[in-house]
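Report on the structure given below.
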Amino acid sequence: MKSTNTQEAPNATIMLLRRLSVEKRETKRQMRESFTTDPEVQKALEKLDSQHAEKRRQAV
C-alpha cells in the first residue's frame, strides 16, 4: 500500500467539505434574495404587518 493514499483521502474529503460549504452559503444567499423579492412573500408580510398594527391599536 502507498502511504500517499492515506494522505489523499483526507485531503479529498476536506476539499469536498469546503466545496459543499461554499455551495450551502450560496444557496442560502439565493434563498434570502428570492425571499425578499417574491411578490407573494411581500404581500404576506404586508398583511401580517397590518394585522399586527390593528392588534396594537386595539390594545391601546
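In full-length UniProt numbering, the protein residues as written are 1 to 60.
Beta carbons are placed, not taken as given, at the ideal position from N, Cα and C, and that holds for glycine.
Same chain, Cβ closer than 7 Å to A53, neighbours up to 5 away in sequence not counted = On the sequence shown, residue 53 is found 53 positions in, with the first residue counted as 1. Excluding residues within five positions, none has a Cβ falling inside 7 Å.
message = Taking only three categories from DSSP, how would you classify M1?
response = Your numbering for residue 1 matches position 1 in the sequence shown. Note that M1 scores a pLDDT of 44, beneath 50, so its modelled location is shaky; the value from the coordinates is reported in the next line. DSSP places M1 in coil when its eight states are reduced to three.
query = In three-state DSSP terms, what is V60?
reply = Your numbering for residue 60 matches position 60 in the sequence shown. Residue state, collapsed to three classes: coil.
task = Return the CA-CA distance between A44 and N11, expressed in angstroms with no decimal places.
result = Within the sequence shown, residue 44 is the residue found at index 44, counting from 1. Within the sequence shown, residue 11 is the residue found at index 11, counting from 1. C-alpha separation (whole angstroms): 46 Å.
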